[in-house]
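Each residue of the sequence shown is one higher than the one before, counting from 890 in this note's numbering.
Even glycine gets a Cβ: it sits at the ideal position worked out from N, Cα and C.
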Amino acid sequence: MTMAPGTAATGRALTTAAVLTGTYQRLAACCEALDARVAAPGPAAPGQLDGAELAENPAALDAFVGAEAARIRERHGRAPRGDVAASRALHGYLWTVGLLMSGAWYLERRVPRVHPREVRLDPSAGTFEVLPASGFACLPDDPAAGLPGTRVLGHEEALRAELRAAVADHVRPLLAAAGPYVRRGPRALWGMVTDDLVSGIWYLGRALGEEERAIAAATELLPAGLPPFPGGAAFRVLHGAEGRRYPTRTRLGCCLYYTLEPAQACLTCPRTCDAERVRRLDADG
890 MTMAPGTAAT GRALTTAAVL TGTYQRLAAC CEALDARVAA PGPAAPGQLD
940 GAELAENPAA LDAFVGAEAA RIRERHGRAP RGDVAASRAL HGYLWTVGLL
990 MSGAWYLERR VPRVHPREVR LDPSAGTFEV LPASGFACLP DDPAAGLPGT
1040 RVLGHEEALR AELRAAVADH VRPLLAAAGP YVRRGPRALW GMVTDDLVSG
1090 IWYLGRALGE EERAIAAATE LLPAGLPPFP GGAAFRVLHG AEGRRYPTRT
1140 RLGCCLYYTL EPAQACLTCP RTCDAERVRR LDADG
């Protein structure tokens, strides 16, 4: 039997859930920073929340933000402002969920429609689980294209449009709920989504040793601002010592990490000038 990429034979009929399980497992193996695993069927574990609860239940969102504030106190030795804790918690969610969808697209040209209830998280540990339950979109030549639960799209741009829509539909309710916590308006919130979507693909490419391909893929996905995303990937190249070339981009918004470590803002932060980026990149070799 010919198996879809990223899926192991199990001796039973192949399903979209089995295909997505293989995809997510491959993605997690590639990405050390992706703290997510495939959830077992059944009810959530005690203490877990899901993405829909974060958007619908203020107590769940309070617990999510409060757990992030506790982690920040432990790691950085200082209590964060409320909007900083909320921004860091939201950033972690957006990056993780965005990469679960964009990683499947990047690795295997499949776009899962992850419902918020299919994302489970442990606020105290900061870990995520995903239920591979909602099927996926793919191209006609995908070995899994004939499975129930797949949507076959005609070409690459249709698949990119599906990824943009899948991410936007997933995060929209959470952005509405989290806006007052992070004290930012809709454009800034969607800028966060854009940044985390692009940076997830970039990170995956670097992890696989194919940064240029990942940059090209992210640029094709977001060549410019495509509503609701307010800007594009917008990569550029900086030139360092001895002819070194450093791909970079400037985030559309600030993740507020500099409030925790004032001496070292992120390399893609709007607060970090190109000269400082080159200095730090050259120093890292």
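Given a cut-off of 8 Å on the beta-carbon distance, is the pair residue i and residue j in contact?
i	j	result
alanine 928	arginine 1009	yes
glycine 1094	arginine 1102	yes
leucine 1028	tyrosine 913	no
leucine 1111	threonine 1139	no
arginine 1133	aspartate 1163	no
glutamate 1109	arginine 1049	yes
glycine 1089	glycine 987	yes
valine 1019	alanine 925	yes
If contacts are defined as beta-carbon pairs under 8 Å, then residue i and residue j qualify, I think. What distance do you get, rounded to the angstrom?
i	j	result
glycine 1142	tyrosine 1135	No, glycine 1142 and tyrosine 1135 are not in contact; Cβ-Cβ is about 22 Å, not under 8 Å.
alanine 1077	leucine 943	Wrong, their Cβ atoms sit about 19 Å apart, outside the cutoff.
proline 1228	leucine 909	Nothing can be reported for residue 1228, as the shown portion of the chain is limited to 890 through 1174.
histidine 980	aspartate 1085	6 Å
serine 1013	glycine 936	7 Å
leucine 938	threonine 985	Not confirmed; about 14 Å, so no contact.
threonine 1161	arginine 970	Wrong, their Cβ atoms sit about 21 Å apart, outside the cutoff.
leucine 1097	leucine 903	Wrong, their Cβ atoms sit about 25 Å apart, outside the cutoff.
glycine 1080	glycine 1120	7 Å
With distances taken Cα to Cα, identify the nearest neighbour of residue i among the options.
i	options	result
proline 1032	Gly1043, Ala934, Glu997	Glu997
leucine 983	Ser1013, Ala959, Arg967, Phe1017	Phe1017
alanine 907	Leu943, Thr1039, Gly1015, Asp951	Thr1039
leucine 1052	Asp972, Gly1035, Arg964, Ala993	Ala993
alanine 1123	Pro1116, Ala1107, Pro1117, Gly1132	Ala1107
isoleucine 1104	Thr905, Glu963, Ser991, Cys919	Ser991
glycine 940	Ala934, Leu1063, Ser1023, Ala948	Leu1063
glutamate 1131	Gly1174, Arg1125, Phe1118	Gly1174
proline 932	Phe1118, Ala968, Pro947, Glu1007	Glu1007
aspartate 1011	Leu950, Pro1069, Arg1125, Arg964	Leu950
What does residue i pair with, by DSSP beta-bridge criteria?
i	result
alanine 925	Phe1017
arginine 1009	Asp939, Glu1018
cysteine 1027	Arg999, Val1041
arginine 1125	Thr1137
Under 8 Å Cβ to Cβ from residue i, same chain only, skipping five residues before and after it: list those, please.
i	result
alanine 1152	none
alanine 974	Val954, Gly955, Glu957, Ala958, Ile961
glutamate 1100	Trp1091, Gly1094, Pro1136
glycine 900	Residue confidence for glycine 900 is low, a pLDDT of 35 falling below 50, so the modelled location carries little weight and cannot support an answer.
leucine 1145	Asp972, Val973, Ser976, Arg977
valine 1041	Ala1026, Cys1027, Leu1028, Pro1029, Asp1031, Ala1034
Can you list, in chain order, the residues of its chain with a C-beta nearer than 7 Å to that of residue i? Leave out the 5 residues immediately preceding and following it.
i	result
threonine 891	Any reading at threonine 891 is ruled out, since the residue's pLDDT is 28, under 50, leaving its predicted position unreliable.
alanine 897	Interpretation of alanine 897 is limited by its pLDDT of 40, a score under 50 that renders its predicted location unreliable; the figure taken from the coordinates is listed afterwards. Excluding residues within five positions, the ones whose Cβ falls inside 7 Å are Gly911.
Closer than 6 Å by C-beta to residue i: which residues in its own chain qualify, once you throw out the five before and the five after it? Chain order, please.
i	result
leucine 1156	Arg1166
arginine 999	Ala993, Phe1025, Cys1027
arginine 1002	Ser1023, Ala1055
valine 1087	Ala1107, Ala1122
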